[in-house]
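So the sequences go chain by chain: P and L. If you're matching positions, the first sequence starts at 1 in full-length UniProt numbering and goes up one per residue. If you're matching positions, the second sequence starts at 1 in full-length UniProt numbering and goes up one per residue. Backbone N, C-alpha and C fix where the C-beta goes; we use that ideal spot for every residue, glycine too. Take a look at the structure below.
Protein chains: 2
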Amino acid sequence: MQIKSSIKDIAKRANVSVSTVSRVLNNSKYVSEDLKRRVLSVVEETGFKPNMVARGLVNKKTSLIGVLIPRISNNFFSKLIEGIEEVLQTYGYNILLSTSYNEIEKELEYLNIFEDRQLDGIIFSVTEFTDQHKNFFGETVVPTVFLGQKVETLKKYPYVTIDNIKAAYEATRYLIKQKHKRIAIMAGPEKDCATGDNRLQGYLEALKEAGLPLYTSWQTRRYHTIDDGYYAASQIMSQSEKPTAIFACSDQQALGAINYLREHGYRVPEDISVMGFDDVDLATVFRPKLTTVKQNPVDMGATAARLLIDQIHGNSLTALENLVPYRLVVRESTKSL
Amino acid sequence: MQIKSSIKDIAKRANVSVSTVSRVLNNSKYVSEDLKRRVLSVVEETGFKPNMVARGLVNKKTSLIGVLIPRISNNFFSKLIEGIEEVLQTYGYNILLSTSYNEIEKELEYLNIFEDRQLDGIIFSVTEFTDQHKNFFGETVVPTVFLGQKVETLKKYPYVTIDNIKAAYEATRYLIKQKHKRIAIMAGPEKDCATGDNRLQGYLEALKEAGLPLYTSWQTRRYHTIDDGYYAASQIMSQSEKPTAIFACSDQQALGAINYLREHGYRVPEDISVMGFDDVDLATVFRPKLTTVKQNPVDMGATAARLLIDQIHGNSLTALENLVPYRLVVRESTKSL
DNA sequence: CTGTTAGCGCCTTCAC
DNA sequence: GTGAAGGCGCTAACAG
Numbered sequence: 001m002q003i004k005s006s007i008k009d010i011a012k013r014a015n016v017s018v019s020t021v022s023r024v025l026n027n028s029k030y031v032s033e034d035l036k037r038r039v040l041s042v043v044e045e046t047g048f049k050p051n052m053v054a055r056g057l058v059n060k061k062t063s064l065i066g067v068l069i070p071r072i073s074n075n076f077f078s079k080l081i082e083g084i085e086e087v088l089q090t091y092g093y094n095i096l097l098s099t100s101y102n103e104i105e106k107e108l109e110y111l112n113i114f115e116d117r118q119l120d121g122i123i124f125s126v127t128e129f130t131d132q133h134k135n136f137f138g139e140t141v142v143p144t145v146f147l148g149q150k151v152e153t154l155k156k157y158p159y160v161t162i163d164n165i166k167a168a169y170e171a172t173r174y175l176i177k178q179k180h181k182r183i184a185i186m187a188g189p190e191k192d193c194a195t196g197d198n199r200l201q202g203y204l205e206a207l208k209e210a211g212l213p214l215y216t217s218w219q220t221r222r223y224h225t226i227d228d229g230y231y232a233a234s235q236i237m238s239q240s241e242k243p244t245a246i247f248a249c250s251d252q253q254a255l256g257a258i259n260y261l262r263e264h265g266y267r268v269p270e271d272i273s274v275m276g277f278d279d280v281d282l283a284t285v286f287r288p289k290l291t292t293v294k295q296n297p298v299d300m301g302a303t304a305a306r307l308l309i310d311q312i313h314g315n316s317l318t319a320l321e322n323l324v325p326y327r328l329v330v331r332e333s334t335k336s337l
Numbered sequence: 001m002q003i004k005s006s007i008k009d010i011a012k013r014a015n016v017s018v019s020t021v022s023r024v025l026n027n028s029k030y031v032s033e034d035l036k037r038r039v040l041s042v043v044e045e046t047g048f049k050p051n052m053v054a055r056g057l058v059n060k061k062t063s064l065i066g067v068l069i070p071r072i073s074n075n076f077f078s079k080l081i082e083g084i085e086e087v088l089q090t091y092g093y094n095i096l097l098s099t100s101y102n103e104i105e106k107e108l109e110y111l112n113i114f115e116d117r118q119l120d121g122i123i124f125s126v127t128e129f130t131d132q133h134k135n136f137f138g139e140t141v142v143p144t145v146f147l148g149q150k151v152e153t154l155k156k157y158p159y160v161t162i163d164n165i166k167a168a169y170e171a172t173r174y175l176i177k178q179k180h181k182r183i184a185i186m187a188g189p190e191k192d193c194a195t196g197d198n199r200l201q202g203y204l205e206a207l208k209e210a211g212l213p214l215y216t217s218w219q220t221r222r223y224h225t226i227d228d229g230y231y232a233a234s235q236i237m238s239q240s241e242k243p244t245a246i247f248a249c250s251d252q253q254a255l256g257a258i259n260y261l262r263e264h265g266y267r268v269p270e271d272i273s274v275m276g277f278d279d280v281d282l283a284t285v286f287r288p289k290l291t292t293v294k295q296n297p298v299d300m301g302a303t304a305a306r307l308l309i310d311q312i313h314g315n316s317l318t319a320l321e322n323l324v325p326y327r328l329v330v331r332e333s334t335k336s337l
């Protein structure tokens, strides 16, 4: 293919009409074997490829799915993408990837871009579901699946997530059962509902239930990066009153925390227990092996993608709420007092 | 916006022609303040958004860049994406993400999709540059930047990479200087040129130069995952003749290898040294801290994106070869004999 | 300055 | 079965 050829050109060369070409290209209507052959051979020769943009314009579909996540360099999210891509691919969709870095404005911005671009669907790992989000999803008509937290919208879009409150509650319960009484938490960033508010809530419930002390200086809210975990640990451990266990709301933060602790002479888990969340790839490679709340991001991504496809195909969805399993995995970074 | 409105509708409601609407929307030509205001207010009211697909059809640009990498869950590649997205975003481009899992057929498949979709550019982290690739890039006219290895094409596309042969050579040299004489290598997958062939070559050159033994049973070729590193280590260590050092061509593999070694009673680095490659986030969090060849993927991604933008803008590019710096970082996973 | 018109490349009635 | 014609939503000459 030298210069962009169009359906018209190949119609001419095959001595047929453009509609015939279109028909054989789409297998949309019966075309005599003769013409079909003629068209196909010209297509072959010229290496002709139909213009997907033009096609999209008339068909009103782009075969593109917008995927919006907070951060791609977090193993949890990249696994999510793996799951998403795997199923979308089999349905002929591609991924338009955007990252918000947990910034609400960026989320809104990308959401609008998704709409402008006429994307066929959206998979969205929300940070905080604000009124502006609600507005957007009230007005838009783009099939959507939310990932990572429960989201209530007028339009009734499904979401797939674990029960974050419960999971955090159970993780904290476990620590309590291990006789820990002074437990700190490193939660997600300030505005992050799922890994921030929800998990913090579960933690608080467990502490209250057990009648344990709640120090706000033992509660941090930071991004899910190793660096932020390191910093959060430094804050917590700079208090005069020190915890015997830290519940990190992501393995990334747990790793950063352990790094800090070790550099400052604490042994994990002998001096202080650290619980993670996610069970990323290296949770079992790291030493001590991370005790953590295992999620299955590949599955979650795949599930979300399937729910999206269903919506696009107009299938009635079975349920809005898709709670997926998680599991507390006890390994070496925590111990009983 | 209830039902999809078009430029036509808002032209009607504002009592102007479609071209006027188009003009104010694009700021393309001077429009009287009066009309402009009228149009803008209607746009405001209706929440009108121009259809990017239609726009793309006439402008022959999609503002979409195809990014093709082997694997997103590898920290090195996700960092690459971070760098790419950061600069593309400022130019109004979005990313169409695809992963090849190092499969040549998938690469070709996605490349074709990129072309079909009329993407404005391609950033491609090649596995192996085959004749089919060469064909594709000979016929296509899509601006491209190669990432991670030197690639020669007719069309003269730029590439950004470190000098893999040299880097591997130096890494191996270092091990040799540390008095290691029996050095194994865990290279990239069979068909991977950069992390496979090139790094293996650098390793071999260093060994030959030093007159050290070359055992093919000390050379593995596997994917850059923790699991594959684990497995590769098991293969190497099952030989009767055992190495005193392993040069892993990715930190992922190094991590997997160390995991294997420890599970099987070897201490790192006391019994066996392990050298990594990449310097991913957790190289310094892991214990022992990884001795590794540091790359800067965020920068590399950003550089690639800039080179692509230059191409798209028709700027003459300064150089095809963009060798970026790397650095051997000695930490704790290797030691002198 | 503004409106009319002709496409961009493709699909889809609608007649033949 | 096949072709001609209209239109998807937008932009860019071309007149006025």
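Where Leu-323/P sits in the DSSP three-state scheme: Strand at Leu-323/P.
State yes or no: is the beta carbon of Val-275/P nearer than 7 Å to at least one beta carbon in chain L? For the record, residue 275/P in the displayed sequence is Met; it is not Val. Cβ-Cβ to chain L under 7 Å: no for Met-275/P.
Name the chain L residues that come within less than 7 Å of Ser-78/P, Cβ to Cβ? Ile-72, Ser-73, Ser-78
Could you spell out where the beta strand (DSSP E) holding Leu-187/L opens and where it closes? Checking the sequence, you will find Ala at residue 187/L rather than Leu. 183-187 is the extent of the beta strand (DSSP E) around Ala-187/L.
Which residue spans inside the stretch 166-248 of chain L form an unbroken beta strand (DSSP E) run of at least 3? Within the stretch 166-248 of chain L, the complete beta strand (DSSP E) runs of at least 3 residues are 183-187, 219-221, 245-248.
Select from the UniProt domain "HTH lacI-type" (5-59) of chain P all residues with a C-beta closer than 7 Å to any C-beta belonging to chain L, and list them in chain order. Lys-49, Asn-51, Met-52, Val-53, Ala-54, Gly-56, Leu-57
Helix, strand or coil: how does DSSP classify Thr-90/P here? helix
By the criterion of Cβ-Cβ separation under 7 Å, what are the contact partners of Ser-333/L in chain P? Going along chain P, no residue has its Cβ under 7 Å from Ser-333/L, so there is no contact; the nearest lies around 13 Å.
With a threshold of 16 other CB atoms inside 10 Å of the CB of residue 341/L, please say whether the residue is buried or exposed. Because chain L here runs from 1 to 337, residue 341/L falls outside it and cannot be looked at.
Going along the chain, which residues of the stretch 219-231 of chain P sit with their C-beta nearer than 7 Å to a C-beta in chain L? Ile-226
At 4 residues or longer, and completely inside the stretch 92-116 of chain P: list those alpha helix (DSSP H) runs for me, N to C. 104-116
Could you check whether Val-285/L and Asn-259/P sit closer than 7 Å to each other, using their CB atoms as the reference points? yes
With a threshold of 16 other CB atoms inside 10 Å of the CB of Leu-214/L, please say whether the residue is buried or exposed. exposed
Give the residues of chain P in contact with Thr-153/L, contact being defined as C-beta atoms less than 9 Å apart. Going along chain P, no residue has its Cβ under 9 Å from Thr-153/L, so there is no contact; the nearest lies around 17 Å.
From the beta carbon of Asn-259/P, is the nearest beta carbon of chain L less than 7 Å away? yes
Tyr-110/P beta carbon less than 7 Å from that of Leu-68/P: yes
To the nearest angstrom, how far is the alpha carbon of Ser-100/L from that of Lys-106/P? 28 Å
Roughly how far, in whole angstroms, is the beta-carbon of Val-31/L from the beta-carbon of Ala-14/L, given that I think they are within contact range, below 8 Å? The C-beta distance from Val-31/L to Ala-14/L rounds to 11 Å, too long to meet the 8 Å contact threshold.
With 7 Å as the threshold, decide whether the Cβ of Arg-117/P is near any Cβ in chain L. yes
Based on the DSSP output, what are the partners of Met-275/L in its beta bridges? Phe-247/L, Thr-291/L
Would you verify that the beta carbon of Val-285/P is, or is not, closer than 7 Å to some beta carbon of chain L? yes
Is there at least one Cβ from chain L nearer than 7 Å to Glu-82/P's Cβ? Taking 7 Å as the threshold, the shortest C-beta distance from Glu-82/P to chain L falls below it.
DSSP puts Leu-328/L in a beta bridge; with which residues? Val-293/L
Which term fits Ser-238/P, buried or exposed, when burial requires 16 or more other beta carbons within 10 angstroms of its beta carbon? exposed
Residue-chain proximity (Ile-65/L, chain P), Cβ-Cβ < 7 Å: Closer than 7 Å: no.
In whole angstroms, what is the alpha-carbon distance linking residue 338/P and Ile-122/P? Lying outside 1 to 337, the shown extent of chain P, residue 338/P is not represented and no answer is given.
Segment limits, alpha helix (DSSP H) that includes Phe-136/P: Run containing Phe-136/P: 131-139, per the alpha helix (DSSP H) assignment.
Chain P contact residues for Thr-90/L, given Cβ-Cβ distances below 7 Å: By Cβ distance, chain P contributes nothing, its closest Cβ being about 13 Å from Thr-90/L, past 7 Å.
Any heavy atom of the ligand ATP within a distance shorter than 6 Å of the CB on Tyr-30/L? You won't find the ligand ATP in this model; it holds no ligand whatsoever.
For Leu-200/P, would you say it is in contact with chain L, using Cβ-to-Cβ distances shorter than 7 Å as the test? no
Looking at the strands, I want to know which residues DSSP matches up with Phe-146/L. Phe-124/L, Tyr-159/L
Can you pull the chain P neighbours of Asp-281/L, defined as C-beta to C-beta under 9 Å? Ser-73, Thr-225, Ile-226, Asp-227, Gln-252, Leu-255
Using three-state DSSP, classify Leu-337/P as helix, strand or coil. coil
Would the beta-carbon of Gln-201/L fall within 7 Å of that of Ile-226/L? no
Could you tell me which of Asp-279/L, Asp-120/L, Leu-261/L sits nearest to Leu-57/L, measuring between CA atoms? Asp-120/L
What number of angstroms, rounded off, separates the C-alpha of Met-1/L from the C-alpha of Asp-279/L? Note that Met-1/L scores 41 on pLDDT, short of 50, meaning its location in the model is unreliable; the coordinates nonetheless yield the value given after this. When rounded, the distance between both Cα atoms is 49 Å.
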